[in-house]
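S.K.:
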Amino acid sequence: MLEVKNVTKKYGKNLACNDVSFTLDSGSLTVLLGPNGAGKSTIMKSIIGFLKYSGSISVNGIPNKSSEARKVLGYIPEMPSLYSTLTVAEHMEFIARAYKLTNYKERIDMLLKRFELDDKRKKFGDELSKGMQQKLNLCLGLLPDPDIILLDEPLLGLDPHAIKELKNMIEEMRQAGKTLLISTHIIDSVDMLWDRTVIMQNGQVKANVTKSEIDGMGKTLEDLFFEVTEGINKEAVSDDNQNEESKDENKEA
Amino acid sequence: MRLFIYYAFHTVINTLKKLLKTWVAFFIVIILACSLLGMIVSRIVPLVVKSVTGEETAIEETVEENINEHHVSKLDQFLQERNLTEYDVVDMVVIVAFLFFVTIVLATVNKGGELFKPADVPLLFASPMKPQSVLMFRLLNSLGMNILVGFYMTFQIPNLVRSLHISVWSAFIILLAYVLTMLFSTLVQMAFYTFSRSSKSGKINIAAILIGFYSVIGIAFILYTTITKQEIWTAAFKFFGNKHTLWIPFIGWIRAMVYYSMMGDMTKALIFTALFIAACILTIVLIWNVKADFYEDAMFATERVAAKMENTQKASKGGTVTREKDRGANIERDGFHFGTGAGVFFYKSVYNRLRFARFKLFSVTFILNLLVAIGGSWLSGKIKNPLIDPFLFPAAAIALVAFYRTLGNPLEEDTSREFFILIPESPLKKIWASILGCLAVCAIDMSIPLIAAAVITKSNPLTVIGWFVFILSVSLFGTTVGAFVSLSIPGDHAQTLKTMIQIMFVYFGAIPSMGFVIAGLVLKNMGIMLIAGAAFNAIAGGFFSLLSPHFLTNK
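Chains as they are written, first to last, in the working numbering: chain A, 1 to 253; chain B, 1001 to 1555.
(1) Straight-line CA distance for T85 (chain A) to L1379 (chain B)?
(2) Might you give, ordered along the chain, the residues of its own chain that have their beta carbon closer than 6 angstroms to the beta carbon of G203 (chain A), omitting 5 neighbours on each side?
(3) Could you compute how far the alpha carbon of F1009 (chain B) sits from the alpha carbon of R1138 (chain B)?
(4) For G125 (chain A), would you say it is in contact with chain B, using Cβ-to-Cβ distances shorter than 8 angstroms as the test?
(5) For G1572 (chain B) versus E1425 (chain B), is the C-beta spacing smaller than 8 angstroms?
(6) To the nearest angstrom, how far is it from the Cα of I1423 (chain B) to the Cα of T197 (chain A)?
(7) Give a yes or no on whether the C-beta atoms belonging to I1209 (chain B) and S1196 (chain B) are separated by under 8 angstroms.
(8) Which bits of chain A does N1330 (chain B) rub up against, with CB to CB less than 7 angstroms?
(9) What first and last residue would you give for the alpha helix (DSSP H) that runs through F1551 (chain B)?
(10) Given a cut-off of 8 angstroms on the beta-carbon distance, is the pair I48 (chain A) and V4 (chain A) in contact?
(11) Going by the C-beta, is L1124 (chain B) closer than 7 angstroms to any heavy atom of the ligand FAD?
(12) Do you know how far the Cα of L1370 (chain B) is from the Cα of K1238 (chain B)?
(13) Three or more C-beta pairs closer than 8 angstroms, one from the segment 25 to 38 of chain A and one from the segment 1384 to 1401 of chain B: is that the case here?
(14) Counting only Cβ-Cβ distances shorter than 7 angstroms, please list the residues of the segment 86 to 108 of chain A near chain B, keeping chain order.
(15) Applying the criterion that 16 or more other CB atoms from any shown protein chain within 10 Å of the CB defines a buried residue, is K1348 (chain B) buried or exposed?
(16) Residues in the same chain with beta-carbon distance under 7 angstroms from D240 (chain A), minus the five sequence neighbours each way, listed in chain order, please.
(17) Have a look at A:L142, A:E172, A:V190 and A:Y11 and flag the residue whose alpha-carbon is nearest the alpha-carbon of M92 (chain A).
(18) Indicate the three-state DSSP secondary structure (helix, strand or coil) for F1362 (chain B) in the structure shown.
(19) What are the boundary residues of the alpha helix (DSSP H) that includes G328 (chain A)?
(20) Quick check on R1417 (chain B) - is its C-beta less than 8 angstroms from some C-beta in chain A?
(21) Quick check on DSSP: helix, strand or coil for I1331 (chain B)?
(22) Between which two residues does the alpha helix (DSSP H) holding A1236 (chain B) run?
(23) Any Cβ of chain B within less than 8 angstroms of the Cβ of K206 (chain A)?
(24) My understanding is that L138 (chain A) touches L166 (chain A), with C-beta atoms under 8 angstroms, so please give their C-beta distance in whole angstroms.
(25) Using 8 angstroms as the threshold, is the C-beta distance between A1235 (chain B) and T1245 (chain B) below it?
(26) Taking the beta carbon of E1418 (chain B) as the centre, do at least 16 other beta carbons fall within 10 Å, making it buried, or is it exposed?
(27) Tell whether a beta-carbon distance below 8 angstroms holds between V1290 (chain B) and T1194 (chain B).
(28) Establish whether the CB of K130 (chain A) and some CB of chain B are separated by less than 8 angstroms.
(29) With a threshold of 8 angstroms between beta carbons, is P77 (chain A) in contact with chain B?
(30) In whole angstroms, what is the alpha-carbon distance linking I1222 (chain B) and I1232 (chain B)?
(31) Going by DSSP in three states, D19 (chain A) sits in which element: helix, strand or coil?
(32) Return the Cβ separation of L1176 (chain B) and E1086 (chain B) in integer angstroms, given the expectation that the two are a contact with Cβ distance under 8 angstroms.
(33) Under the rule that 16 or more other beta-carbon atoms within 10 Å means buried, what is G1618 (chain B), buried or exposed?
(34) Using CA atoms only, rank isn't needed, just tell me which of B:G1466, B:I1431 and B:I1444 is closest to H1550 (chain B).
(35) According to DSSP, what are the bridge partners of N208 (chain A)?
(36) Can you confirm whether the segment 1091 to 1111 of chain B touches the segment 1264 to 1271 of chain B when touching is taken to mean that 3 or more C-beta pairs between the two stretches lie within less than 8 angstroms?
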């Protein structure tokens, strides 16, 4: 379980995240939605421990910045960050060794095949096209097979085959009991089975609802998104996980 | 024109605003403060000096005048022997500068499309504007920037007036000639560009044109010198600076405006200036009327520019930059099978050092160290000072190379990657693994050059080992300071500020190292002092390495 409690992050005077709280239940798939500049990437980077923030984030009760927490956390960044001096296969081996994985050869082969990088094994990081870099980025994030996986705009820059393959993998991971948090600003890309959605705007959580709650309201995710970001629907917020401050704001609106 | 003025005005204002929000504002304040201080000091000090040592100053001034006279007389002698004046020298400078700028700009004529900005393609190319209007818009912008950048030259007017003994107007005409040369270069480039885009091939062999042009001039000059049997300098002034060629369009006219302004004939100077400007306007009209289709070429050119910009932006944020061409096929591509945990960072550095070096040995740094070692040893042999250990020169030179290689952030390749933080190991372990990788690479690059220097200078092996450890410690200190500064100062745009701070840290931090070497020389006990220096650097480096992990996840 991943718990984000009252996280606030400022970049200078700019408030990127304001008192953000939500919980990811084990084995659930949560979609983090929001328009550009809503604070999605900031909260993702805070969870993974890249940023300094106020508030607390814990993974199975352990602080997120500890080595123990990192062993169960996986992150696939929006922008690929590869070594120009390592090949595709060497990148995979590098991560496997860094995470001290055992029996990883088969998983490497499987990932490279599924994302059509098998014939690019001997290409250096800077010899890959943008899309290929993004695919390798995905493979590296998925290689350690973490229990909690954060995917920041994972579909950007991928070709249709890779998108299909990633969606299949997300579904497989969900069925295998992994906890997933997918950040995106493209609602149409979230057509896979999801359990909960957290909608952010202006650095705050504006809605935190389960799929069954939305289905119960007879609305689509798109309806909810526009209601929350452009006009407020008070009932669109579930009681158990909701950020109190955002509820108050919604009522005022 | 309204579009141009709007765009140019907002571009300049916004650029200035952006710059003033960065450390540039701090830099400008420092420059202004120093200028003010300089002005005050330059006014006060001479008064004080004059009042205190009036006579001595008078004597010094006389001596200085004599020196100046000596210099002037040498130049005068050169000119008098050839029946020339200093105005002829300026005329030659004008010719060389004009040809230089025009040639430089013309050489890139096939890259004329890069004049356009990436945003021009969707915004201007797709608009109902005529292609020629779009071209003119960008052309005027480019010229405007050139003139704006050249504005600082107006500060040179007093200098020109004083050194050439000319009027302020004449100095102004000389600067105007510079601006017009820039204008002409851009116009010629665009004229060639549009004409070539209207041709079938779509390209122009500019290299052949330039080689042909300079060959004709060169041959003509050789013939002139041979036939007239003149000394080369005299022939050059008479051939290129011939006053009968001032009528030649553009190059002659620009020479004429400068020459006549210096001679005090302002009427002629203004006539030639007007002629030059009129010809430039005619060229603009000509370019305007060429029905050239350059959008496709310009679009590809802007794509290249956009790719370069994206790569620069990505690199500054630790992203992956894409190469234009693949690496050589002979490079080993499947050999990294070493290390576990944080250790992978160490093995990666060492493996890559061996993989990319020719025969696993000859990297650029290795070759540089070897050359420096051999050169330093040769110098020691030449100096033959019994008080100085002959190994000092090559070793100090290699230490200097190691020191300069640590500027920047040698660990950035690792620390800028997201998985450096993600890998579940202690941050300090990861930082140290990366540092040890850098040190191992440094050791590989300098060990053989040091041995070569030791053999040439016949040095004591213990001294060589002392220097080896000392240089490694210098590298450790520089690397840890670089990593500390880079990680502790947030923000992408403060790169120059970071470098300045790092240089201050490293240079001040290097003073003790130099002190140890000097103490070794004075006390004639280099070995002990090198070990003491290495210990100092290791402690200081260790201290900075302990601070760095804190900043990895505290951006």
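Glycine residues also receive a C-beta, built at the ideal position from the N, C-alpha and C atoms.
Because the structure is a prediction, the values reported are computed rather than measured.
M.R.: Here's the rundown:
(1) For the purposes of this step, residue 85 (chain A) is identified with residue 85 of the first sequence, where counting begins at 1. For the purposes of this step, residue 1379 (chain B) is identified with residue 379 of the second sequence, where counting begins at 1. Cα to Cα, the separation comes out at about 38 angstroms.
(2) In the first sequence, the residue the question calls residue 203 (chain A) occupies position 203. Exclusion of the five residues before and after G203 (chain A) leaves L15, A16, C17, N18 and G39 as the residues of its chain whose Cβ lies within less than 6 angstroms of its Cβ.
(3) As a working note, residue 1009 (chain B) is residue 9 in the second sequence. As a working note, residue 1138 (chain B) is residue 138 in the second sequence. Near 14 angstroms, if we compare the C-alpha coordinates of R1138 (chain B) and F1009 (chain B).
(4) Counting from one through the first sequence, the residue named residue 125 (chain A) turns up at place 125. True, the Cβ-Cβ gap to chain B drops below 8 angstroms.
(5) No answer is possible for residue 1572 (chain B): the residues shown for chain B start at 1001 and end at 1555.
(6) Within the second sequence, the letter at position 423 stands for residue 1423 (chain B). Within the first sequence, the letter at position 197 stands for residue 197 (chain A). Approximately 28 angstroms, taken between the alpha carbons.
(7) For the purposes of this step, residue 1209 (chain B) is taken as the residue at position 209 of the second sequence. For the purposes of this step, residue 1196 (chain B) is taken as the residue at position 196 of the second sequence. Between I1209 (chain B) and S1196 (chain B), the C-beta spacing is not below 8 angstroms.
(8) Stepping through the second sequence from its first residue, residue 1330 (chain B) is reached at position 330. Going along chain A, no residue has its Cβ under 7 angstroms from N1330 (chain B), so there is no contact; the nearest lies around 12 angstroms.
(9) Here the question's residue 1551 (chain B) lines up with position 551 in the second sequence. First-last of the alpha helix (DSSP H) with F1551 (chain B): M1526 to L1552.
(10) Residue mapping note: residue 48 (chain A) aligns to position 48 of the first sequence, counting from 1. Residue mapping note: residue 4 (chain A) aligns to position 4 of the first sequence, counting from 1. Between I48 (chain A) and V4 (chain A), the C-beta gap is not smaller than 8 angstroms, which leaves the two residues out of contact.
(11) Absence of the ligand FAD is noted for the structure shown, with no ligands found whatsoever.
(12) Position 238 of the second sequence, counted from the first residue, corresponds to residue 1238 (chain B). Position 370 of the second sequence, counted from the first residue, corresponds to residue 1370 (chain B). Cα to Cα, K1238 (chain B) sits roughly 50 angstroms from L1370 (chain B).
(13) With the rule of 3 Cβ pairs closer than 8 angstroms, the segment 25 to 38 of chain A does not count as touching the segment 1384 to 1401 of chain B.
(14) Within the segment 86 to 108 of chain A, the residues whose Cβ lies closer than 7 angstroms to some Cβ of chain B are L86, T87, A89, E90, E93, F94, I95, R97, A98, Y99 and K100, listed in chain order.
(15) Numbered from its first residue, the second sequence carries residue 1348 (chain B) at position 348. By the neighbour-count rule (16 or more Cβ atoms within 10 Å), K1348 (chain B) is buried.
(16) In the first sequence, the residue the question calls residue 240 (chain A) occupies position 240. At D240 (chain A), the pLDDT of 47 sits below 50, so the modelled position is not reliable and the matter cannot be decided from this model.
(17) As a first step, residue 92 (chain A) must be located in the first sequence, where it is residue number 92. Closest option to M92 (chain A), Cα to Cα, is A:L142.
(18) Your numbering for residue 1362 (chain B) matches position 362 in the second sequence. Three-state DSSP puts F1362 (chain B) in a strand.
(19) Since the first and last residues shown for chain A are 1 and 253, residue 328 (chain A) lies out of range.
(20) Walking along the second sequence from the start, residue 1417 (chain B) turns up at place 417. Taking Cβ atoms only, chain A reaches closer than 8 angstroms to R1417 (chain B), which makes this a yes.
(21) What you label residue 1331 (chain B) is simply residue 331 of the second sequence in a count that begins at 1. Note: I1331 (chain B) maps to coil in three-state DSSP.
(22) To locate residue 1236 (chain B), count along the second sequence from 1; it is residue 236. Per DSSP, A1236 (chain B) belongs to the alpha helix (DSSP H) from I1232 to F1240.
(23) Along the first sequence, one-based indexing puts residue 206 (chain A) at 206. Proximity of K206 (chain A) to chain B, defined by a Cβ-Cβ separation below 8 angstroms, is not satisfied.
(24) By 1-based counting over the first sequence, the position of residue 138 (chain A) is 138. By 1-based counting over the first sequence, the position of residue 166 (chain A) is 166. Their Cβ separation, rounded to whole angstroms, is 6 angstroms, which keeps L138 (chain A) and L166 (chain A) in contact under 8 angstroms.
(25) Within the second sequence, residue 1235 (chain B) is the residue found at index 235, counting from 1. Within the second sequence, residue 1245 (chain B) is the residue found at index 245, counting from 1. No, the pair does not count as a contact, with Cβ atoms beyond the cut-off.
(26) Start at 1 with the first residue of the second sequence, and residue 1418 (chain B) comes out as number 418. Its Cβ being crowded by 16 or more others within 10 Å, E1418 (chain B) is buried.
(27) Position 290 of the second sequence, counted from the start, is the residue given in the question as residue 1290 (chain B). Position 194 of the second sequence, counted from the start, is the residue given in the question as residue 1194 (chain B). Taking the C-beta atoms as reference points, T1194 (chain B) is found nearer than 8 angstroms to V1290 (chain B).
(28) Taking the first sequence and counting its residues from 1, the one referred to as residue 130 (chain A) is at position 130. Chain B, which has a Cβ nearer than 8 angstroms to the Cβ of K130 (chain A), makes this yes.
(29) Here residue 77 (chain A) refers to the residue found at position 77 when the first sequence is read from its first residue. It does; some Cβ of chain B falls within 8 angstroms.
(30) On the second sequence, position 222 is the one that residue 1222 (chain B) refers to. On the second sequence, position 232 is the one that residue 1232 (chain B) refers to. The alpha-carbon atoms of I1222 (chain B) and I1232 (chain B) are separated by roughly 9 angstroms.
(31) Position 19 of the first sequence holds residue 19 (chain A). Of the three classes helix, strand and coil, the one that applies to D19 (chain A) here is strand, per DSSP.
(32) In the second sequence, counting from the first residue as 1, residue 1176 (chain B) sits at position 176. In the second sequence, counting from the first residue as 1, residue 1086 (chain B) sits at position 86. The beta-carbon distance between L1176 (chain B) and E1086 (chain B), rounded to whole angstroms, is 20 angstroms. This is too long to meet the 8 angstroms contact definition.
(33) The first residue shown for chain B is 1001 and the last is 1555, placing residue 1618 (chain B) beyond what the model contains.
(34) Residue numbering aside, residue 1550 (chain B) sits at position 550 when the second sequence is read from its first letter. If we check each option's Cα against that of H1550 (chain B), B:I1431 comes out closest.
(35) Along the first sequence, read from residue 1 onward, the residue named residue 208 (chain A) stands at position 208. Per DSSP, A:V198.
(36) Short answer: they don't touch.
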